[in-house]
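Only one structure is covered here, and it is reproduced in the block below.
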Amino acid sequence: MTELVIRELRGLEILDSRGRPTLLARCELASGAIGRASEPSGASRGAAEAYELRDGDPRRHRGRGCLRAAASITATIADAVAGRAFADQAAFDAALLALDGTSTFARLGANATLAASLAVARAAAAATRQPLYAYAAGLAAVPHAPRLPRPMINLFSGGKHAGGQVPIQDLLIIPQADSMAGILEQATAVFHAAAELGATRYGMRLLTADEGGLAPPFPTLEAMFDDASEAIVRAGLRPGRDVRLAIDVAASHFATADGYVLRDQLLSSRQLIDQLARWADDYALASIEDGLAEDDWAHWPVLCARLGARLTIIGDDLLCTNPARITRAHECHAANGLLLKVNQIGTLSQALHAGQLARAAGWQVVVSARSGETEDDWLADVAVGWAGDQIKVGSVTQSERLAKYNRLLELEAFDGLRLAD
Ligand code: PGA
Ligand code: ZN
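This note's numbering puts the first residue of the sequence shown at 38, with every later residue one more than the last.
See below:
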């Protein structure tokens, strides 16, 4: 690989899909190649995520301003790296870690470091005349052949993404078509059928949650699953065969010191596992993400032993794309799937390492966007280049979601990439 000599690196506060500030970084290499990338931001964040630097000034953007994080890029990082030659992406990302001096990027902000890491990656890809997915694939010591991940698509939203009208954060559909175009056709058919169902059953206008999912006021949690199945049937498809269901419980967000508060019930960890097992049986779930809280390490192995042979037990808040937490979870058999969110850890190279650990453990890797996103489509290329098994980007509405799906469609049609089996 050619050396990366950085001429200029700049950060800018921009706005995300929720109307909140985030960052755009732009990198120019000495060769003249330019790369730019923008940073997502979560609302349902794990406690072990890398540090997201916000200004904290209540007079701007309710304290969420990103001027200090932009200055981390334009001043601190640029001063330290401009004019220097880096052997590769890993060397650049290691320099970010060394410059910060903490493992969580508590000084520079992981939002600043990831935006910089991605802008450098885009510039390096441009310099070597590669699409970003090919560059991403080349970062692995032993690259996988790039392939299209199978989308798991948000149909119904709850929890922190929809004002808490139901405690479960996402009910997702996994269309089983054998092409990206076919998957998105099935997904939109189910989405529109579910929207019509919501209009007649709940008198709802087509209002969507943070990730573009529908958020009807379901009378019971089972009604949410039943409506999803009904929407699949109304779309002319077979639940469990043409389209599978999955959930992101995001249980950390309804866990209390006394137990899990699921609507009007207070459940122990074991009772919540029983409930999840009933839903897994009744609705043939393909995966359960964050079925338990991020610190309930004692019971994740119980959940995984109970259901892990039949479905994927995915850790998001539990793992935070953090190699140490993934290793711990592997050793105690707490999960068999990683939700890989690049900005939970702060650089591309560390996220790649997390994904490789999960794959070496034999887990499924689900590359994921955040609830606050931008029109940038880099995630699609990263998921393809790292041969993710699945991708989780949200619903099939809203252009910050569609930027990624449309990029996957383009890679299928024009670059000849095929879906993971
Ligand atoms: P977040 O949620 O981006 O708001 O953190 C996404 C998820 O929990 O999967
Ligand atoms: Zn999650």
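A virtual CB, placed ideally from N, CA and C, is assigned to each residue, including glycine.
Integer-rounded CB distance, given that Arg-187 should sit under 8 Å from Gln-427:
Within the sequence shown, residue 427 is the residue found at index 390, counting from 1. Within the sequence shown, residue 187 is the residue found at index 150, counting from 1. Going by Cβ atoms, the distance from Gln-427 to Arg-187 rounds to 5 Å, so yes, they are a contact pair.
Tell me whether Leu-64 is buried or exposed, calling it buried when 16 or more other Cβ atoms sit within 10 Å of its Cβ.
Reading the sequence shown from its first residue, position 27 is the one you call residue 64. The residue you asked about is not Leu; residue 64 is Cys in the sequence shown. Burial call: buried.
In angstroms with no decimal places, state the Cα-to-Cα distance between Asn-148 and Lys-441.
The residue you call residue 148 lines up with position 111 of the sequence shown. The residue you call residue 441 lines up with position 404 of the sequence shown. In this structure, the alpha-carbon of Asn-148 lies about 20 Å from that of Lys-441.
Give the range of the beta strand (DSSP E) segment to which Glu-45 is assigned.
Indexing the sequence shown from 1 puts residue 45 at position 8. Looking at the DSSP string, the run of the beta strand (DSSP E) that includes Glu-45 is 41–52.
Do Ala-372 and Trp-423 have their C-beta atoms within less than 8 Å of each other?
Residue 372 sits at position 335 when you count from the first residue of the sequence shown. Residue 423 sits at position 386 when you count from the first residue of the sequence shown. It is not a contact, given that the beta carbons lie outside the stated cut-off.
So, are the CB atoms of Asp-301 and Asp-327 less than 8 Å apart?
In the sequence shown, residue 301 corresponds to position 264, counting from 1. In the sequence shown, residue 327 corresponds to position 290, counting from 1. Against a cut-off of 8 Å, the Cβ pair of Asp-327 and Asp-301 comes out as no contact.
Given Pro-360, which residues of its chain have a CB within under 6 Å of its CB, disregarding the five upstream and five downstream residues?
Locating residue 360 in the sequence shown gives position 323, counting from the first residue. Excluding residues within five positions, the ones whose Cβ falls inside 6 Å are His-390, Ala-391 and Leu-394.
With a threshold of 7 Å, establish whether the CB of Asp-247 neighbours any heavy atom of the ligand ZN.
Taking the first residue of the sequence shown as position 1, residue 247 is located at position 210. Because no heavy atom of the ligand ZN lies under 7 Å away, the Cβ of Asp-247 does not count as near it: no.
Within 10 Å of its beta-carbon, does Cys-369 have 16 or more other beta-carbons around it, so buried, or fewer, so exposed?
The residue you call residue 369 lines up with position 332 of the sequence shown. Burial call: exposed.
Going by alpha carbons, who is nearest to Leu-246 out of Ser-194, Gly-72 and Gly-79?
Position 209 of the sequence shown, counted from the first residue, corresponds to residue 246. Reading the sequence as shown, one finds Ala at residue 246 and not Leu. Ala-246 has its Cα closest to that of Ser-194, out of Ser-194, Gly-72 and Gly-79.
For the 8 Å Cβ check, are there 3 or more pairs between the segment 97–104 and the segment 188–208?
Cβ pair count under 8 Å is below three, so no.
Output the residue ranges of the alpha helix (DSSP H) runs that lie fully inside the segment 55–118 and measure 4 residues or longer, sorted by chain position.
You should have 104–108 and 115–118.
Please report the distance separating the alpha-carbon of Leu-61 from that of Thr-150.
Numbered from 1 along the sequence shown, position 24 holds the residue referred to as residue 61. Numbered from 1 along the sequence shown, position 113 holds the residue referred to as residue 150. Answer to the nearest angstrom: the Cα atoms are 11 Å apart.
Locate the alpha helix (DSSP H) running through Gln-126, then write down its first and last residues.
Against the sequence shown, residue 126 aligns to sequence position 89. Counting along the chain, the alpha helix (DSSP H) containing Gln-126 begins and ends at 126–137.
Output the distance between the C-alpha atoms of Ala-236 and Ala-272, rounded to the nearest integer angstrom.
The residue given as residue 236 occupies position 199 in the sequence shown. The residue given as residue 272 occupies position 235 in the sequence shown. If you take the alpha carbons of Ala-236 and Ala-272, they lie about 16 Å apart.
Beta bridge counterpart(s) of Gly-296 as assigned by DSSP:
Against the sequence shown, residue 296 aligns to sequence position 259. Looking at the DSSP assignment, Gly-296 forms a beta bridge with Thr-293.
Just mark Val-270 as buried or exposed, buried being the case when its beta carbon has 16 or more other beta carbons within 10 Å.
What you label residue 270 is simply residue 233 of the sequence shown in a count that begins at 1. Under this definition Val-270 is an exposed residue.
Extent of the continuous alpha helix (DSSP H) run through Gly-422
Numbered from its first residue, the sequence shown carries residue 422 at position 385. The continuous alpha helix (DSSP H) containing Gly-422 extends over residues 415–422.
Determine the direct distance from the alpha carbon of Ala-163 to that of Ala-292, and round the result to whole angstroms.
Translated into the one-based positions of the sequence shown, residue 292 becomes position 255. Translated into the one-based positions of the sequence shown, residue 163 becomes position 126. When the Cα atoms are used, Ala-292 and Ala-163 turn out to be separated by approximately 46 Å.
Can you check the segment 359–441 for any beta strand (DSSP E) of at least 3 residues that lies completely inside it and give the ranges in chain order?
Whole beta strand (DSSP E) segments, 3+ residues: 374–377, 401–405 and 427–431.
What ranges does the beta strand (DSSP E) occupy inside the segment 219–298, keeping only unbroken runs of at least 3 residues that lie completely in it?
Runs of the beta strand (DSSP E) inside the segment 219–298: 280–285.
Is Gln-206 close to the ligand PGA? I mean its beta-carbon at under 7 Å from any heavy atom of the ligand.
As a first step, residue 206 is located in the sequence shown; it is residue number 169 there, counting from the start. Here the distance from the Cβ of Gln-206 to the nearest heavy atom of the ligand PGA is below 7 Å.
Who are Pro-212's beta bridge partners in DSSP?
Reading the sequence shown from its first residue, position 175 is the one you call residue 212. Paired residues: Val-280.
Beta carbon of Asp-285: closer than 7 Å to some heavy atom of the ligand ZN?
Here residue 285 corresponds to residue number 248 of the sequence shown, with the count starting at 1. Annotation for Asp-285 indicates a beta carbon within 7 Å of some heavy atom of the ligand ZN.
Taking the alpha-carbon positions, what's the Leu-46 to Ala-119 distance?
By 1-based counting over the sequence shown, the position of residue 46 is 9. By 1-based counting over the sequence shown, the position of residue 119 is 82. Taking C-alpha positions only, Leu-46 is separated from Ala-119 by approximately 7 Å.
Closest Cα partner of Val-379 within the set Thr-257, Leu-329, Arg-407 and Leu-322:
Within the sequence shown, residue 379 is the residue found at index 342, counting from 1. For the residues Thr-257, Leu-329, Arg-407 and Leu-322, the minimum Cα distance to Val-379 belongs to Arg-407.
Using a threshold of 8 Å, state whether the C-beta atoms of Leu-234 and Ala-268 are closer than that.
For the purposes of this step, residue 234 is identified with residue 197 of the sequence shown, where counting begins at 1. For the purposes of this step, residue 268 is identified with residue 231 of the sequence shown, where counting begins at 1. Yes, the Cβ-Cβ distance between Leu-234 and Ala-268 is below 8 Å.
Is any heavy atom in the ligand ZN found nearer than 7 Å to the beta carbon of Glu-125?
Counted from its first residue, the sequence shown places residue 125 at position 88. Before going further, note that residue 125 is Asp rather than Glu in the sequence given. Asp-125: no, Cβ never under 7 Å from the ligand ZN.
For Ala-174, I'd like the list of residues in its chain whose CB is within less than 6 Å of its CB, leaving aside the five on either flank, ordered along the chain.
Translated into the one-based positions of the sequence shown, residue 174 becomes position 137. Closer than 6 Å at the Cβ level, and outside the excluded window around Ala-174, lie Pro-180, Pro-183 and Gly-422.
Cβ-based neighbour list, Arg-444, same chain, cut-off 6 Å, excluding 5 preceding and 5 following
In the sequence shown, residue 444 corresponds to position 407, counting from 1. Counting only Cβ-Cβ distances below 6 Å, and skipping sequence neighbours, we find Asp-414 and Ala-417.
Note the first and the last residue of the continuous beta strand (DSSP E) segment covering Arg-121.
Residue numbering aside, residue 121 sits at position 84 when the sequence shown is read from its first letter. Note, Arg-121: premise wrong, no beta strand (DSSP E); not H, not E.
Is any non-hydrogen atom of the ligand ZN found closer than 7 Å to the C-beta of Asp-333, if you look at the structure I gave you?
For the purposes of this step, residue 333 is taken as residue 296 along the sequence shown, with counting starting at 1. Incorrect: Asp-333 has no Cβ contact closer than 7 Å to the ligand ZN.
My guess is that Phe-228 and Tyr-320 are in contact by the Cβ rule of under 8 Å, so how many angstroms apart are they, rounded?
In the sequence shown, the residue the question calls residue 228 occupies position 191. In the sequence shown, the residue the question calls residue 320 occupies position 283. Their Cβ separation, rounded to whole angstroms, is 18 Å, which puts Phe-228 and Tyr-320 out of contact at 8 Å.
On the CB-based measure, 16 or more other CB atoms within 10 Å of its CB, does Glu-259 come out buried or exposed?
To locate residue 259, count along the sequence shown from 1; it is residue 222. Note on Glu-259: under 16 other CB atoms within 10 angstroms of its CB, so exposed under the neighbour-count rule.
Report the three-state DSSP secondary structure of Gln-302 (helix, strand or coil).
Locating residue 302 in the sequence shown gives position 265, where the first residue counts as 1. In the displayed model, Gln-302 falls within a strand according to three-state DSSP.
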